[in-house]
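Peer 1:
Numbering (the numbering used here), first residue to last: 1 to 450.
Quick look at the structure:
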């Protein structure tokens with residue numbers, strides 16, 4: 001279907017009569033031709049996920065917009081959101097990019113561009129969700145300062161973050177070419193709390209798989225990975241000398257980091273290691289293939305099961321705890337702490353971790369074989385901390401940690417504070433807390449129902 005474009009002067013009253021909709025397939029070639037003719041970049045590759053919008057006035061095309069998947073890595077965007085590499089890899093699908101915006105009239109009302117952009121952004125979340133079953137939370141775009149100022153983006157509430165380095169990805173996933181044209185990056189949240197939702201890995205986004213893994217991302221730097229592997233070499237190796245193809249320190253460091261990334265099964269740890277690149281496995285202490293030095297193979301799943309089942313969890317926890325303490329330069333713990341326990345699949349072992357509540361990084365751990373030992377390990381973990389380590393600190397946890405002995409040890413014995421959930425496992429304490437709160441609720445606090 002041939003579509004006409006409004007190239008001549010657009011009247012002022014047109015702003016009240018603009019119509020925005022998606023392209024239909026039978027119109028596509030006409031719009032592609034218009035982009036190739038009037039946009040300096042032409043029409044983008046249609047192989048990506050995309051949403052194509054047209055704005056019409058009296059049946060003629062006034063503007064064309066194309067939205068695609070976002071750029072994989074942008075330092076200013078990651079800093080603005082507060083992303084680490086792993087969260088970024090899992091949540092790139094909730095960001096869309098305005099890759100083309102073409103205004104066709106040669107003469108037009110002054111605020112036409114910002115009005116059209118506002119219409120397009122308003123329709124974008126619903127349209128993208130209908131097509132791809134994910135509701136985007138952030139839009140991004142690039143503006144070439146050699147020809148444009150980005151005024152319409154500024155007027156529409158977008159934020160300019162910074163300037164790119166001028167590289168573009170041209171072929172393989174990690175191959176970039178310098179096009180010598182740095183551009184400004186602009187972003188706009190598509191929901192009120194978009195940045196907070198994208199940033200917080202503990203808040204699942206609509207359509208997000210709780211078990212989804214971000215492949216090939218370590219939660220620590222290469223230097224820290226090597227340091228952790230070296231620290232865990234002190235753990236006694238239960239294998240015979242002939243069965244030590246894969247260094248124990250490398251395997252234990254990988255298992256620890258996999259658990260930090262949410263893997264709680266041996267299969268998950270195995271897959272986590274498989275997803276790493278050869279340089280990443282080398283940083284953890286794995287050896288390269290003698291016939292192909294650039295290849296660093298991972299252990300098989302059977303190897304993981306045998307090694308993790310044979311290693312002494314207590315000895316591992318002690319070595320890991322010593323390494324974690326060494327990562328704090330002044331030996332001080334964070335002000336806000338959280339405690340949580342995990343059981344590795346098939347009751348292989350129980351691990352209790354004390355973590356920084358602000359970012360989830362572990363600061364101390366205790367472990368033992370089998371299941372059902374969380375409270376015992378918690379007591380051991382608290383007792384293993386240096387004198388005064390919990391002074392003035394706040395420790396939070398779920399209802400499992402609301403037992404009196406633990407609370408007394410932290411508050412009376414260690415000078416800290418405790419914030420725990422109260423449920424039916426502490427019925428009397430819950431009833432007393434509810435009664436006191438209902439009698440003297442603090443300002444701006446909704447009293448619990450009676």
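Note that CB positions come from ideal geometry on N, CA and C, so glycine has one too.
(1) Given 8 Å as the limit, is there contact between the region 191-207 and the region 77-85, that is, 3 or more CB pairs closer than that?
(2) On the three-state DSSP scale, how would you describe residue 38?
(3) Measuring straight from C-alpha to C-alpha, what distance separates residue 74 and residue 87?
(4) Tell me residue 186's beta-bridge partners as DSSP assigns them.
(5) How many angstroms separate the CA atom of residue 308 from the CA atom of residue 324?
(6) By the three-class DSSP mapping on this structure, what secondary structure does residue 134 have?
(7) At 4 residues or longer, what runs of the alpha helix (DSSP H) sit wholly inside the region 197-232?
(8) So for residue 111, helix, strand or coil by DSSP?
(9) Tell me, please, which residues DSSP counts as bridged to residue 50.
(10) Please classify residue 136: is it buried, with 16 or more other beta-carbons within 10 angstroms of its beta-carbon, or exposed?
(11) Give me the Cα-Cα distance between residue 92 and residue 222, rounded to the nearest whole angstrom.
(12) In the DSSP assignment, find the unbroken alpha helix (DSSP H) run with residue 272 in it and report its ends.
(13) If you reduce the DSSP assignment to three classes, tell me which class residue 403 lands in.
(14) From 268, 249 and 250, pick the residue whose C-alpha is nearest to that of residue 258; which is it?
(15) What are the boundary residues of the beta strand (DSSP E) that includes residue 91?
(16) I need the boundaries of the alpha helix (DSSP H) containing residue 151, first residue and last residue.
(17) Name, in chain order, the residues that DSSP records as bridge partners for residue 97.
(18) Rounded to whole angstroms, what is the Cα-Cα separation between residue 285 and residue 104?
Peer 2: Let me spell this out:
(1) yes
(2) helix
(3) 14 Å
(4) 141 and 160
(5) 20 Å
(6) coil
(7) 222-231
(8) coil
(9) 68
(10) buried
(11) 23 Å
(12) 266-275
(13) coil
(14) 268
(15) Segment 85-91 is the alpha helix (DSSP H) holding residue 91; no beta strand (DSSP E) there.
(16) 151-155
(17) 68 and 140
(18) 58 Å
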